[in-house]
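A.B. asks: Throughout the sequence shown, residue numbering follows the UniProt record's numbering, covering 3 to 309 in sequence. All residues carry an ideal CB built from backbone N, CA and C; glycine is no exception. Note that this is a predicted model, so its numbers are computed, not measured.
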Amino acid sequence: VNVTDYQKILNQIQSELSEVKVTGKVASYIPELAKVPADKFGMHLYNLEGESFCFGDSDARFSTQSISKVLSLALAMKTIGGDLWKRVGVEPSGAKFNSLSLLEDNFGIPRNPFINAGALVVADVLVSNFSNPKAAFLTFLHELTGDDTIAYDEVVAASEKSEGYRNFALANYLKSFGNMENDVEEVLDFYFHQCSIAMSCKELAQAFIVFANQGKLLHSDRQFLTGQQVKRINALMLTCGFYDEAGEFSFEVGLPGKSGVGGGIVAVHPNHYAVAVWSPPLNPKGNSELGMAALERLTTLTGYSIF
Ligand code: GLN
């Protein structure tokens, strides 16, 4: 695909999808997400040549939510390496992102790091390994993106905490199985902050280019993650990035990716590009309805996916 084609294809996606009548609903479990306008729509593609293609609200920051689980996982893998896999699995769950039911059968080992239970174990690892995990995670994001304005949204984090009954249940359940080293409150405080990170499509595409570039940063040429770490994270995004819709995303789009209930989706075409799309209304599985459609159009119109 040459450069002019990418921008033409993005323009086509924008015009085709602005006609679509969306039936999904904006996440409403906290007021900060409920009040985001449903018609926000943006997309940003960043390729290994450092070129950017975009449309719509691609520069507006939104709540990354579960997209942040990929970045906390990357920091945990960088920090403790393979020991992480004693505490969290690498299999798709086929269940909702906040499911409690799979832990019982698995002796408290979450199926994968992207369902909430798995992300809470990852958060626990970071809390164990850093004296100030919130500061460490921000430093990691600032190094990854080269942008030190990326920050927690304290209002979102506080709201998540006040409504986070199910996450409290999950963390306590993990603790009862001995798969939570730290105080439940402390781990949840980190997790809620992690989910509150606000980034735009442009910033997400630039952050995720490391997963398309064999672990090397594009803005500094530094080897930030190993090739093996990137391979594994991409594999997990492909098989587990969309919870009980991972098969559907793979079938329709054919790229590793990760969604969040803020309406964002990031996808990676290894050795080519990273792309982020944002549209708040979610389908019943908690994934952005228009975001999924936009990425399906992208791989169909370019004719390239990982398959
Ligand atoms: N903060 C949300 C939660 O923990 C994140 C879930 C998501 O984006 N799927 O419930």
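1) Going by the CB atoms, is the gap between D41 and S202 shorter than 7 Å?
2) Considering only C-alpha positions, which residue in the set I82, I15, D59 and T25 is nearest to Q231?
3) Helix, strand or coil, according to DSSP, for K98 in the structure here?
4) In the DSSP output, which residue or residues are listed as bridge partners for I267?
5) Please determine whether the Cβ atom of G120 lies at a distance below 6 Å from any heavy atom of ligand 1.
6) So the alpha helix (DSSP H) N154 belongs to, where does it begin and stop?
7) Going by the C-beta, is N169 closer than 6 Å to any heavy atom of ligand 1?
8) Does the beta-carbon of R89 have 16 or more other beta-carbons within 10 angstroms, so that it is buried, or is it exposed?
9) With DSSP run on the structure shown, which of helix, strand or coil describes K42?
10) Return yes when the C-beta of G26 is under 6 Å from any heavy atom of ligand 1, and no when it is not.
11) How many angstroms separate the CA atom of G259 from the CA atom of F210?
12) Since V129 contacts P112 with CB under 8 Å, what's their CB separation in whole angstroms?
13) Relative to the C-alpha of residue 1, which candidate in K23, M294, A29 and Y8 has its C-alpha closest?
14) Could you tell me how far apart the beta carbons of L140 and K163 are, in whole angstroms, since I believe they sit closer than 8 Å?
15) So, are the CB atoms of L172 and N118 less than 7 Å apart?
16) Could you give the distance in angstroms between the alpha-carbon of N181 and the alpha-carbon of P33?
17) Which same chain residues end up closer than 7 Å to L240 when comparing Cβ atoms and leaving out the 5 residues on each side of it in sequence?
18) Answer yes or no: do residue 1 and F116 have a C-beta to C-beta separation smaller than 7 Å?
19) Counting pairs of Cβ atoms below 8 Å between the region 214-227 and the region 38-55, do you hit three or more?
20) What are the boundary residues of the alpha helix (DSSP H) that includes S70?
21) Answer yes or no: the CB of G262 versus the heavy atoms of ligand 1, is any distance below 6 Å?
22) On a Cα-Cα basis, can you pick out the residue from L73, E18 and Y8 that is closest to F226?
23) Within a Cβ cutoff of 6 Å, which residues of the same chain sit near Q9, ignoring the five residues on either side of it in sequence?
24) Do F57 and ligand 1 come close, with the Cβ less than 6 Å from some heavy atom?
C.D. replies: In this structure, then:
1) Contact: no.
2) Nearest option by C-alpha distance: I82.
3) Annotated three-state conformation of K98 is coil, per DSSP.
4) DSSP lists S261 and V279 as partners of I267.
5) G120 Cβ: outside cutoff for every heavy atom of ligand 1.
6) What sits at residue 154 in the sequence shown is Tyr, not Asn. No alpha helix (DSSP H) holds Y154; DSSP gives it neither H nor E.
7) Result yes, Cβ under 6 Å from ligand 1.
8) Buried: at least 16 other Cβ atoms inside 10 Å.
9) Taken through DSSP and simplified to helix, strand or coil, K42 comes out as coil.
10) Not one heavy atom of ligand 1 lies closer than 6 Å to the C-beta of G26.
11) Their Cα atoms are separated by approximately 10 Å.
12) Not quite, the Cβ-Cβ distance comes to about 16 Å (not below 8 Å), so this is no contact.
13) There is no way to answer for residue 1, as the model of the chain reaches only from 3 to 309.
14) That belief does not hold up - the Cβ atoms of L140 and K163 are roughly 18 Å apart, past 8 Å.
15) Here L172 is near N118, since their CB atoms are less than 7 Å apart.
16) Inter-residue distance for N181 and P33 is about 32 Å (C-alpha atoms, whole angstroms).
17) Within the same chain, and ignoring the five residues on either side of L240 in sequence, the residues whose Cβ sits closer than 7 Å to its Cβ are S252 and P258.
18) Absent from the model: residue 1. The displayed extent of the chain is 3 to 309, so no value can be given.
19) Two segments are said to touch when three or more pairs of C-beta atoms, one from each, lie closer than 8 Å; by this definition the region 214-227 touches the region 38-55.
20) For S70, the enclosing alpha helix (DSSP H) begins and ends at S70 to I82.
21) A distance criterion of 6 Å places the beta-carbon of G262 in contact range of ligand 1, judged by its closest non-hydrogen atom.
22) Taking only the C-alpha atoms, the option nearest F226 is L73.
23) The answer, listed in chain order, is F55.
24) F57: no, Cβ never under 6 Å from ligand 1.
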